[in-house]
Amino acid sequence: MSSPVKDDTYSDYLPLYDEYDYDIDEFEGSIPADLRGSLYRNGPGKLDAGGQQLGHLFDGDGMISKFAITDGKVRYRNRFVRTKHYHRSLTTTAGAPYRALGTLRPGGVLANALRFPANVANTGVVMHAGKLLALWEGGPPTEIDPATLDTVGVHRFDGALKWLGAFSAHPKWDTTTGDMYNFGLAMVPNPGLVCYRVDRAGKLTKVGRVSLPRPMFNHDFGLTPRHLVFAIAPLVFPVAKMTAAGLGMRNYIEAIDYEADRGTMIALLPRYGGRPRIVHTDPLMHLHLSNTYEDGSDTVVEMVNYHASWEQLNGQLSGAQHGIADVSMPYGGTLLRLRITKNDRVIHEDLSDLHGDFPTFNLARTSRHHRYTYMAVGADGHHYPNAIAKIDTVSGQQQLHRLPPRHFAHEAIFTPRPGATAEDDGWLLVATQDRPNSLAHLRVLDARDLTADPVYVGSLRHHLPLTFHGNFTPAA
């Protein structure tokens, strides 16, 4: 097995301390006349705090980027999310003033014991009920002004999201009602996934709860017309390790074990009340789901399954920020379909041999069968995402939009053409990084044919640290 190597192609985690606001005036091609709205992206803008290098990619302060598209022009703006932890990190040089998922504060056990990881608001960003929300795995959202990107503050849905209430980074929408669904991981007093519905007016109500046999980690879920669907990998916080983390003797990321003998737990929680249905299948290693839907009496789940251990995946995430690319494993995982039958049989079907991550699709097809999935992939065996793929989950055909050498892609967001009827009639908006020149670009691709030249490529005046997730909000 090859050892991790230093590779500046993969090391796009340089901090971006400056905040900008300017029109993109260097570009090729043109913005389509009917493409109007704002692309928002979120990710760690820097991986240090108080002069201390943070221990994990998940720990950096959230930074929102906005690409405002109006009348054929694009304006870029970025702002750090002004959490209390961000402000504290600017006023000290004595090291990180807070605990994070993979980082301990200076000062040993006494400085870290019984402290929760900081909500750095760095994972997702969504618009709902007129509010722009920066999301993080283990805490409440942070409201952001959608025009200026100024931080409004912690958002608890008028008090309905209680203290310790988490609101995860992958909400889903009912395309008929406009309701948003999400969940939060609860560790105490009993481990479980607490599930919520937020109506179009922004009112949050609890839908139900999925009890977990042990404290476990889960990042994503799916929505069907009848259920919230969870495919929970056997990522477990053993009691001894979790206790040590809580007492400040190790970080929280180090407290996760992959216990393959548990298998993968699938939970179908009724949207309108009732106990969850629990099914088990072979152990999988996954973070992201694509879409979930019902096919007759079957429930279908599509996800990215890693062909690697948790240790390898976490090592890749931890090492990437230091430019250490683990070439012993390909980038990401492959697209997998699970079919859960009415008699609790789970059928596995591989949909592609491309390795990638950040699966997206036309969100108008949420909870319904969709044909096309888009992913950032490592084409030709590369260990970083050097292409955007379009995978036809019906025919098996695949298209690739290949980036120039040593460029890599962030998550691609599908935006439908106004009035379109075909599922793939629209554009993919994707930020990409020119690593040798430390410059970022916004690419607009015709989603119908990724082999065609980009519709538009706009050049930023600087690089853009990796962003995790984002969304496009059409102009009113």
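Quick note: the sequence shown, position 435, residue 435 per UniProt numbering, numbers continuous. Where a beta carbon is used, it is the ideal one built from N, C-alpha and C, also for glycine. Being a predicted model, the structure only gives us computed values, none of them experimental.
1) Please go through the stretch 203 to 281 and give each complete alpha helix (DSSP H) segment of 4 or more residues, from N-terminal end onward.
2) When the distance is taken between beta carbons, is Gly202 closer than 8 Å to Ala166?
3) Can you grab the Cα-Cα spacing for the pair Arg337 / His348, in whole Å?
4) Could you tell me whether the Cβ atoms of His407 and Leu445 are closer together than 8 Å?
5) Less than 8 Å between the CB atoms is what I'm expecting for Thr103 and Ala96, so what's the real figure, rounded?
6) Please classify Gln433 as buried or exposed, where buried requires at least 16 other C-beta atoms within 10 Å of its C-beta.
7) In chain order, what residues of the same chain lie with their CB nearer than 7 Å to the CB of Thr224, ignoring the 5 residues before and after it?
8) CA-CA distance, Thr451 and Met375?
9) Under a Cβ-count criterion, where at least 16 other Cβ atoms within 10 Å of its own Cβ denotes burial, should His87 be classed as buried or exposed?
10) Less than 8 Å between the C-beta atoms of Asp59 and Val120, yes or no?
11) Round the Cβ separation of Leu354 and Ile391 to the nearest angstrom and send it over; I've been treating them as touching at under 8 Å.
12) When the Cα of Pro189 is compared with those of Thr176, Leu164 and Asn182, which residue comes out closest?
13) Could you tell me which residues DSSP pairs with Ile347 in its beta bridges?
14) Using C-beta distances below 6 Å, list every residue in its chain close to Ser3, excluding the 5 sequence neighbours before and after it, in chain order.
15) Just the C-alpha distance for Tyr331 and Ala169, rounded to the nearest angstrom, thanks.
16) Comparing alpha-carbon positions, which option in Phe67, Ser438, Cys195 and Arg115 lies nearest Ala245?
17) What residue does the alpha helix (DSSP H) around Ala111 start on, and which one ends it?
18) Skipping 5 residues on each side, what residues in its chain have a beta carbon closer than 7 Å to that of Phe358?
19) Run through DSSP, which three-state label would Pro15 get?
20) List the endpoints of the continuous beta strand (DSSP E) containing His170.
Taking the coordinates as given:
1) 239 to 246
2) Within the sequence shown, the letter at position 166 stands for residue 166. Within the sequence shown, the letter at position 202 stands for residue 202. No, these two residues do not count as a Cβ contact at 8 Å.
3) As a working note, residue 337 is residue 337 in the sequence shown. As a working note, residue 348 is residue 348 in the sequence shown. If I take the Cα positions, the gap works out to 6 Å.
4) As a working note, residue 407 is residue 407 in the sequence shown. As a working note, residue 445 is residue 445 in the sequence shown. Against a cut-off of 8 Å, the Cβ pair of Leu445 and His407 comes out as no contact.
5) Locating residue 103 in the sequence shown gives position 103, counting from the first residue. Locating residue 96 in the sequence shown gives position 96, counting from the first residue. Between Ala96 and Thr103 the Cβ distance is about 6 Å, and since that is below 8 Å, they are a contact.
6) For the purposes of this step, residue 433 is identified with residue 433 of the sequence shown, where counting begins at 1. By the neighbour-count rule (16 or more Cβ atoms within 10 Å), Gln433 is buried.
7) Within the sequence shown, numbered from 1, the residue matching residue 224 stands at position 224. For Thr224, where only same-chain residues beyond five positions count, the Cβ hits under 7 Å are Thr292, Tyr293, Glu294, Thr299 and Ser367.
8) Counted from its first residue, the sequence shown places residue 451 at position 451. Counted from its first residue, the sequence shown places residue 375 at position 375. Their Cα atoms are separated by approximately 14 Å.
9) The residue given as residue 87 occupies position 87 in the sequence shown. With fewer than 16 other Cβ atoms within 10 Å, it is exposed.
10) As a first step, residue 59 must be located in the sequence shown, where it is residue number 59. As a first step, residue 120 must be located in the sequence shown, where it is residue number 120. Result yes, Cβ atoms of Asp59 and Val120 sit closer than 8 Å.
11) Here residue 354 refers to the residue found at position 354 when the sequence shown is read from its first residue. Here residue 391 refers to the residue found at position 391 when the sequence shown is read from its first residue. Yes, they are in contact, since the Cβ atoms of Leu354 and Ile391 sit about 7 Å apart, within 8 Å.
12) Within the sequence shown, numbered from 1, the residue matching residue 189 stands at position 189. Minimum Cα distance to Pro189 is reached at Leu164.
13) By 1-based counting over the sequence shown, the position of residue 347 is 347. Bridge partners of Ile347: Arg339.
14) Residue 3 sits at position 3 when you count from the first residue of the sequence shown. Its pLDDT being 40, under 50, Ser3 is placed unreliably by the model, and nothing is read from it.
15) To locate residue 331, count along the sequence shown from 1; it is residue 331. To locate residue 169, count along the sequence shown from 1; it is residue 169. So the two alpha carbons sit approximately 22 Å from each other.
16) Residue mapping note: residue 245 aligns to position 245 of the sequence shown, counting from 1. When only C-alpha atoms are compared, the closest one is Arg115.
17) Translated into positions along the sequence shown, residue 111 becomes position 111. Gly108 to Asn112 is the span of the alpha helix (DSSP H), which, as asked, contains Ala111.
18) Along the sequence shown, read from residue 1 onward, the residue named residue 358 stands at position 358. Excluding sequence neighbours, Phe358 sits near His288, Met375, Ala376 and Glu411.
19) To locate residue 15, count along the sequence shown from 1; it is residue 15. Coil, per DSSP.
20) Counting from one through the sequence shown, the residue named residue 170 turns up at place 170. No beta strand (DSSP E) holds His170; DSSP gives it neither H nor E.
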